[in-house]
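S.K.: Numbering (my numbering), first residue to last: 23 to 288.
Note that the Cβ used here is the ideal one computed from N, Cα and C, for glycine as well.
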Amino acid sequence: MSDKPQTTRNRIQCILTEERGQIVFLDTPGIHKPKHKLGEYMVGAAKESMREVDAILYMVDLSSEFGSGEEYIIEMLKHTKTPVVLVLNKVDLLDKEQLLQKIQQFSSLAEFKAIVPISAKTGENTDELLKVIFNLLPKGPMYYPEDEVTDQPERFIMAELIREKVLQLTRDEIPHSIAVVIEEVHEKKTLVKIRGLIVVERESQKGIIIGAKGKQLKEIGSLARQDIEALLGSPVFLELWVKVKKDWRNRVDSLRNYGYGKDRDE
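Now the structure itself:
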């Protein structure tokens with residue numbers, strides 16, 4: 023997970039199963055005014071998901087200033103018939119008076135089914151959020167086995183683990199300009215050999231990711247390898263390459279090659 027905005031690009035299903043039931047969370051790209059075809063795909067995926075769910079969780083970062091982006095989202099949510107729960111994250115950074123002011127501010131803008139302040143970092147009040155969600159869900163069968171936690175294939179998760187490390191270790195201009203593709207996976211007797219490709223838009227970005235004498239890329243690979251080994255339960259040899267593909271976020275062929283912008287029915 024990254025703390026940088028608009029870094030979720032695909033709709034990801036995550037499954038929580040408890041005795042009281044099963045929740046399927048759809049983690050969607052953030053809604054924003056798109057600046058390129060990748061942005062159009064991301065916003066389209068988010069809006070499409072809103073029509074398919076039983077409840078919408080609108081999460082607000084309390085450490086950020088309220089702006090035109092929030093106004094746009096709230097105006098859009100006013101027109102949905104789906105119950106909307108306002109989730110105020112990072113309450114650990116505010117005192118009670120500041121939190122009350124935030125709740126009053128958002129309450130005056132729209133009618134929410136519930137307003138739940140939480141801290142994803144400390145876990146504060148997340149149990150209350152789950153209670154609210156379960157109360158909004160209709161009764162029905164479990165859609166996934168109890169031990170399943172996501173619908174995404176291993177290659178997708180491996181690519182996201184690598185991209186996560188790039189986001190953590192590089193400058194602010196890099197995150198929105200990269201894609202990660204797993205080109206090869208070879209399972210051998212003693213380890214899994216993986217070849218990953220990091221795609222950027224400019225030579226300067228390539229230099230930042232590689233770093234002096236390849237130091238930055240080695241650190242990205244080392245951290246990602248540890249997470250991938252935990253995912254696969256096996257030793258991993260991870261080989262990473264960096265490639266420049268100019269303006270890839272505006273090229274339909276590149277978006278498809280890198281796993282974005284596919285037809286909705288595929």
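In the structure shown, what three-state DSSP assignment does H198 receive?
M.R.: In the three-state DSSP reduction, H198 falls in the helix class (H, G or I).
S.K.: Tell me the DSSP secondary structure of A132 in three-state form.
M.R.: coil
S.K.: Would you mind working out which of G218, D269, E225, Q238 sits nearest F262, comparing C-alpha positions?
M.R.: Phe is not the amino acid found at residue 262; the sequence shown has Leu there. It is G218.
S.K.: Should the region 177-189 be regarded as contacting the region 146-166, the criterion being three or more beta carbon pairs within less than 8 Å?
M.R.: no
S.K.: For G255, which of helix, strand or coil comes out of DSSP?
M.R.: coil
S.K.: In terms of alpha-carbon separation, which member of V154, V214, L38, G229 lies closest to V107?
M.R.: V154
S.K.: Out of curiosity, what's the CA-to-CA distance linking R224 and L121?
M.R.: 42 Å
S.K.: Between the C-alpha atoms of V109 and I78, what's the straight-line distance to the nearest angstrom?
M.R.: 10 Å
S.K.: Would you kindly work out how many angstroms separate the C-alpha atoms of D49 and Q35, rounded to a whole number?
M.R.: 6 Å
S.K.: Distance, Cα to Cα, H54 vs I137?
M.R.: Note that H54 scores a pLDDT of 49, beneath 50, so its modelled location is shaky; the value from the coordinates is reported in the next line. If you draw a straight line from the Cα of H54 to the Cα of I137, it is about 22 Å long.
S.K.: If the criterion is Cβ atoms closer than 8 Å, does the pair R247 and L260 meet it?
M.R.: Yes, they are a contact pair.
S.K.: Cα separation between S141 and L159?
M.R.: 23 Å
S.K.: Measure the C-alpha to C-alpha separation of K26 and L189 and round it to an integer number of angstroms.
M.R.: At K26 the pLDDT is 47, less than 50, meaning the model places this residue with poor confidence; the figure from the coordinates comes in the next sentence. Rounded to whole angstroms, K26 to L189 spans 8 Å at the Cα level.
S.K.: So the alpha helix (DSSP H) F178 belongs to, where does it begin and stop?
M.R.: Taken as a continuous stretch (DSSP letters only), the alpha helix (DSSP H) holding F178 covers 176-191.
S.K.: Which of the three DSSP states, helix, strand or coil, is assigned to T172?
M.R.: strand
S.K.: What are the start and end residues of the alpha helix (DSSP H) that includes M164?
M.R.: Premise fails: M164 is in no alpha helix (DSSP H) and is neither H nor E.
S.K.: Select from L38, I242, K235, I200 the residue whose C-alpha is nearest the C-alpha of K265.
M.R.: Taking the Cα of K265 as reference, the smallest distance to any Cα among L38, I242, K235, I200 is reached at I200.
S.K.: If you draw a straight line from the C-alpha of V82 to the C-alpha of V113, how long is it?
M.R.: 11 Å
S.K.: In terms of residues, what are the limits of the alpha helix (DSSP H) holding Y94?
M.R.: 90-99
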